Every structure is written in C-alpha cells, then in structure tokens.
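Student: Quick mapping for you: the protein sequence lines, in order, are chains X and V. Read in order, the letters of the first sequence correspond to residues 145 to 208 in this note's numbering. Read in order, the letters of the second sequence correspond to residues 3 to 176 in this note's numbering.
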Amino acid sequence: MTPRIPLPSDAVTPWGLPDTGGMAPKIAAARRQVARVAHRAGHVDPVTTELVRIRNARHQTCYF
Amino acid sequence: MSHTWLQGLPEGETDWDRLAARWPEAADALAGLGTAPWEETDPMLLELCRLRMATLLRSPGELARRNDRARAAGLTEDRIAELPSWPTSSHFTARERACLSVAEQFVIDANGVTEAQIADVTHHLGAVGCYAFVQALSTLETFQRACLTLGVDPPPAFDRVEVAGPDATTREAP
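#1: Could you check whether the Cβ of V/Pro26 sits closer than 8 Å to any Cβ belonging to chain X?
#2: In terms of alpha-carbon separation, which member of V/Glu42, V/Ile82, V/Ala96 and V/Ile110 lies closest to X/His203?
#3: Contact criterion: CB-CB distance below 8 Å. Does V/Gly114 meet it with respect to chain X?
#4: Which of the three DSSP states is assigned to X/Val156 in this structure?
#5: Kindly indicate if chain V contains any beta-carbon less than 8 Å away from that of X/Met145.
#6: Going by beta-carbon coordinates alone, are V/Leu50 and V/Glu117 separated by less than 8 Å?
#7: For a quick check, are the C-beta atoms of V/Leu35 and X/Ala174 less than 8 Å apart?
#8: Any idea if V/Trp18 is buried or exposed, counting beta-carbon neighbours within 10 angstroms, 16 or more meaning buried?
#9: V/Leu139 CB to nearest chain X CB: under 8 Å?
#10: To the nearest angstrom, how far is it from the Cα of V/Pro12 to the Cα of V/Arg24?
#11: Along the alpha helix (DSSP H) that carries V/Leu21, what are the first and last residues, could you check?
#12: For X/Pro162, write down the residues that DSSP places opposite it in a beta bridge.
#13: Can you pull the chain V neighbours of X/Arg197, defined as C-beta to C-beta under 8 Å?
#14: Can you name, in chain order, every residue of its own chain whose Cβ lies under 6 Å from the Cβ of V/Leu65, other than the five neighbours on each side?
#15: Going by alpha carbons, who is nearest to V/Gly131 out of X/Pro147, X/Met167 and X/Ile171?
#16: Assess, as a yes-or-no matter, whether the stretch 68 to 76 of chain V is touched by the stretch 153 to 163 of chain V under the definition of 3 or more beta carbon pairs within less than 8 Å.
#17: Terminal residues of the continuous alpha helix (DSSP H) containing X/Cys206?
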C-alpha cells in the first residue's frame with residue numbers, strides 16, 4: 145500500500161511500516177500509554193485479544 | 003446512572019467517575035488519550051467533526067456537550083445547528099467540508115475513504131496536519147463507540163480546560 149500523504153522520511157518501523165511517530169507525537173504517546181496499561185492489567189487473555197485483533201483487521205481490510 | 007452491566011463499582015457522581023475509581027490507572031491513560039487530539043488538531047475543526055460523528059453514531063451524550071477550546075475559538079450554536087447541511091451550507095468553509103467529508107466516511111466505513119478525500123484534507127491541512135486529524139478522528143470515534151457500547155452516560159469530557167489561578171479548578175463545558 146502506498147501512503148496517501150507525503151511522509152517526512154523513508155524510515156520504517158520494525159514491522160516495515162512507515163514511521164509516522166513524529167507526525168502526531170502526543171496522540172502516539174497517549175496510545176502507547178493506554179497499550180502499556182492494558183497490557184499490564186492483563187484482564188483479557190492473549191488468545192482472545194489476538195483473535196479479536198485479527199478479526200477486526202479483516203473487517204477493516206488491514207492486511208499488515 | 004445508565005449502565006447496569008457492571009456491579010459493585012465504588013460510589014461516584016457519574017458512570018465514568020465510578021469506573022475511574024475502580025481502575026484509576028486505566029482511566030488516567032484513557033483521559034490522556036482523550037485529551038491529546040485537542041492538542042494536535044484545530045479544536046474548531048475537530049469539534050465540528052466530533053459532533054457530526056456523534057449524530058451518525060446516535061450519541062446524545064456527546065451531542066449535548068461542547069468543547070471549550072472550540073467555543074473559545076468562536077464556534078457558535080448556529081453553526082452547530084447547520085451541521086447536518088454541511089455539504090451545501092454557507093456556514094462552512096471548504097477546509098471544514100473536506101474534513102467533515104472524511105469524518106463521515108470514517109464513521110460509516112473507513113475503507114471507503116478515497117484518495118481524493120485525503121488529497122483534499124492534505125491540501126488544506128498539509129501532510130502532518132492530515133495525519134494528526136485522522137489520528138484524532140480515530141481516537142474520538144473510538145471513545146464514542148466505546149461509551150455507547152458500555153453504556154457510559156454521560157461520556158467523559160476529557161477536553162476540559164484547566165483554569166489557572168489561586169482557586170484553580172477544572173471547568174467543564176455545559
């Protein structure tokens with residue numbers, strides 16, 4: 145998939161996706177914090193979490 | 003108190019207060035995420051889109067409140083009342099129409115957002131602005147859907163303004 149907006153650099157993340165970390169840094173940091181807290185809480189088991197993530201990715205036609 | 007699905011929560015003034023009292027760390031993290039979009043996007047633009055998304059998602063709690071920053075920037079009730087007519091109303095600029103168009107399609111089906119719609123938003127906001135706008139939309143939409151799903155009513159107003167001064171308080175939009 146080609147990005148629809150010009151990116152500031154050709155840098156990619158460890159997953160091979162465009163590195164957009166600097167484009168909305170406050171939202172990105174807040175998302176990371178939510179992910180950290182959710183991971184630490186461990187209220188949902190990892191199998192259910194992954195099944196929901198994959199199901200949602202298919203629904204959104206997101207094949208990364 | 004709207005939800006009955008979760009029993010045994012601590013006392014609190016609102017659903018959110020009770021949930022936050024039970025899971026403070028998660029509530030703090032979500033509050034941070036609810037605040038961030040307003041710091042990286044034009045609040046007037048974002049408020050118009052938040053309200054339009056609330057209409058599409060049928061969220062009366064979100065429709066009833068107003069963002070302080072957007073009001074301070076001049077957003078009026080007349081313009082809000084015109085929102086359903088945004089494609090043709092003279093109350094909205096081309097920039098606002100471009101963003102409202104993406105916001106609507108984002109709620110209906112994100113896969114349906116076209117190259118042309120993103121190009122239009124990028125024309126008005128620039129690449130970084132477009133990226134931040136879409137991230138902000140995503141965040142606000144997620145909150146609205148989550149509150150509707152979980153029956154959190156009224157939804158939390160993270161976009162409150164801290165009032166400076168010796169008697170500093172947090173002011174919430176009516």
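By construction, the Cβ of each residue, glycine as well, lies at the ideal position given by its N, Cα and C atoms. Please read these numbers as outputs of a predicted model, since none were measured by experiment.
Tutor: According to the data block:
#1: In the second sequence, the residue the question calls residue 26 of chain V occupies position 24. No, its Cβ sits nowhere closer than 8 Å to a Cβ of chain X.
#2: Translated into the one-based positions of the first sequence, residue 203 of chain X becomes position 59. Ranking the options by Cα distance to X/His203, first place goes to V/Ile110.
#3: The residue given as residue 114 of chain V occupies position 112 in the second sequence. No, its Cβ sits nowhere closer than 8 Å to a Cβ of chain X.
#4: For the purposes of this step, residue 156 of chain X is identified with residue 12 of the first sequence, where counting begins at 1. Reduced to three states, the DSSP call for X/Val156 is strand.
#5: By 1-based counting over the first sequence, the position of residue 145 of chain X is 1. Answer no: the Cβ-Cβ gap between X/Met145 and chain V never drops below 8 Å.
#6: Here residue 50 of chain V is taken as the residue at index 48 of the second sequence, counted from 1. Here residue 117 of chain V is taken as the residue at index 115 of the second sequence, counted from 1. No.
#7: Along the second sequence, one-based indexing puts residue 35 of chain V at 33. Along the first sequence, one-based indexing puts residue 174 of chain X at 30. One thing to note: V/Leu35 has its Cβ within 8 Å of the Cβ of X/Ala174.
#8: By one-based count along the second sequence, residue 18 of chain V stands at place 16. Buried, since its Cβ has 16 or more Cβ neighbours within 10 Å.
#9: Walking along the second sequence from the start, residue 139 of chain V turns up at place 137. With its beta carbon at least 8 Å from every one in chain X, V/Leu139 lies outside the interface.
#10: Position 10 of the second sequence holds residue 12 of chain V. Position 22 of the second sequence holds residue 24 of chain V. Linking V/Pro12 to V/Arg24 through their CA atoms gives a straight-line distance of about 6 Å.
#11: Numbered from its first residue, the second sequence carries residue 21 of chain V at position 19. Its alpha helix (DSSP H) spans residues Asp17 to Arg24.
#12: Within the first sequence, the letter at position 18 stands for residue 162 of chain X. For X/Pro162, the beta-bridge partners assigned by DSSP are X/Val156.
#13: On the first sequence, residue 197 of chain X is found 53 positions in, with the first residue counted as 1. By Cβ distance, chain V contributes nothing, its closest Cβ being about 14 Å from X/Arg197, past 8 Å.
#14: Taking the second sequence and counting its residues from 1, one reaches residue 65 of chain V at position 63. Excluding sequence neighbours, V/Leu65 sits near Ala56.
#15: Translated into positions along the second sequence, residue 131 of chain V becomes position 129. The shortest C-alpha separation from V/Gly131 is found at X/Met167.
#16: Judged by Cβ distances under 8 Å, the stretch 153 to 163 of chain V makes contact with the stretch 68 to 76 of chain V, as three or more pairs qualify.
#17: On the first sequence, residue 206 of chain X is found 62 positions in, with the first residue counted as 1. Under the DSSP assignment, X/Cys206 falls outside any alpha helix (DSSP H); it carries neither an H nor an E label.
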